[in-house]
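The opening position of the sequence shown corresponds to residue 11 in my numbering, with each subsequent residue numbered one higher.
Ideal Cβ placement from N, Cα and C applies to all residues, glycine included.
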Amino acid sequence: MDYEQLYEHYLVYEKALKDTVKNVSKLQKSIAKLMDGGDLFRARTDAIALEESSGEIARLFSSLNARLADFDARAYVEGGDFARQLVDECRRLGVDVIGEFPVYEMFPYKVRIDVENQEVWIDRKKVPGLRPATLARQIRTGQEKLYKVNFKADRFVEELYSAYELFLLKNRKADGSDVFLDKLYPLLVPMARARKEYDKQAYAFDIARLFEEKELVLKNGKRFQFGPSRNINKALRILDSTGREHFLATIRFF
């Protein structure tokens, strides 16, 4: 059984519980009104009905608990069904997915499935729940929010250029040389503590947004140009605003 099947079963219990709880509330109000008016006979009748409804709630909860206990969450995650359904849901929502179980990339997020604890991590944040449809929606919503955040490309490129200059100086490289983007990240964020707040995934996302600003000119009049690499492991994988995949390895300012 996968989670959606379990959820369909739960919805049946949910409706029955809502109806029964609604009846309990109705009977409780009726008994209160009857007792206030001194109608003891009808109050006794409603009290019996209330007891029966309360017993039905207990039976429903007992049955629901048994159904939940029967669901093998570990097998669901460990067997790969959860991951397959998550990938399917992401693709249905237009979320680009690469990777293999248990680690995936839904740019700019890195999603890791912790089989041992039946948990899901998006970057460094643990996400509660094992419903693929809900998680896929959360990832899609997060992506949309990120793209809506105002990106100050002019400020970011100036900071990137400062890291670029520092790298050239330290490594005695000529002005205008191509420099691997992964070499600039530690210079851009020198403190390990800061890297927890601004990790490589966030860096790649900013590079992706800068990639869209091809005509941007720095204050000193320089422009920038990204470059590829034969070694795919040296490149940052990004998606542009149309969802097209690019692999950017280097940058130069000229």
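Taking 7 Å as the limit between beta carbons, can you name the residues of its chain near residue i, skipping five residues before and five after?
| i | result |
| --- | --- |
| E222 | D250, S251 |
| S40 | D56 |
| R219 | F161, A163 |
| G89 | none |
| D185 | L178 |
| I217 | L191, L246, I248, L258 |
Just checking my contact of residue i with residue j at CB under 8 Å: how many whole Å lie between their CB atoms?
| i | j | result |
| --- | --- | --- |
| L27 | F81 | Wrong, their Cβ atoms sit about 18 Å apart, outside the cutoff. |
| L198 | A173 | 4 Å |
| V125 | P112 | 6 Å |
| L60 | V34 | 6 Å |
| L96 | A146 | 6 Å |
Mapping the DSSP letters down to three states, classify residue i as helix, strand or coil.
| i | result |
| --- | --- |
| F236 | strand |
| M45 | helix |
| V189 | strand |
| D216 | helix |
| T260 | strand |
| Y119 | strand |
| V87 | helix |
| K155 | helix |
| K135 | strand |
| D124 | strand |
| E129 | strand |
| L249 | strand |
| Y208 | coil |
| V199 | coil |
| V113 | strand |
Out of curiosity, what's the CA-to-CA distance linking residue i and residue j?
| i | j | result |
| --- | --- | --- |
| Y157 | C100 | 17 Å |
| L132 | K120 | According to the sequence displayed, residue 132 carries Ile and not Leu. Straight-line Cα distance between these residues: approximately 6 Å. |
| L226 | R122 | 36 Å |
| K32 | K25 | 11 Å |
| N241 | R247 | 12 Å |
| A76 | Y20 | 11 Å |
| D29 | R94 | 36 Å |
| G212 | L70 | Note that residue 212 is Ala in the sequence shown here, rather than Gly. Each residue's Cα considered, the two are about 47 Å apart. |
| K43 | M11 | 47 Å |
| R52 | S72 | 30 Å |
| S187 | R205 | 26 Å |
| L50 | Q38 | 14 Å |
| K210 | N230 | 27 Å |
| R203 | K135 | 16 Å |
| P200 | E175 | 15 Å |
| Y13 | A79 | 13 Å |
| I58 | L74 | 24 Å |
Can you list, in chain order, the residues of its chain with a C-beta nearer than 8 Å to that of residue i? Leave out the 5 residues immediately preceding and following it.
| i | result |
| --- | --- |
| F6 | Residue numbering for the chain in the displayed model covers 11 to 264; residue 6 lies beyond these limits and cannot be assessed. |
| P238 | A245, F257, L258, A259, T260 |
With a CB to CB cut of under 6 Å and the five nearest residues on each side skipped, what residues in its chain are close to residue i?
| i | result |
| --- | --- |
| V87 | V125, Q128 |
| R150 | L103, V105 |
| N243 | none |
Give a yes or no on whether the minimum CB-CB distance between residue i and chain B is below 7 Å.
| i | result |
| --- | --- |
| L249 | No chain B appears in the structure shown, which is made up of a single protein chain. |
(Q) Three or more C-beta pairs under 8 Å: does that hold for the stretch 163-171 against the stretch 142-149? (A) no
Q: For the stretch 94-112 and the stretch 55-74, state whether three or more C-beta atom pairs, one from each stretch, are separated by less than 8 Å.
A: no
Q. Any contact of the stretch 255-264 with the stretch 190-200, i.e. 3+ C-beta pairs under 8 Å?
A. yes
Q.
So, does the stretch 110-118 touch the stretch 91-100, judging by three or more C-beta pairs under 8 Å?
A. yes
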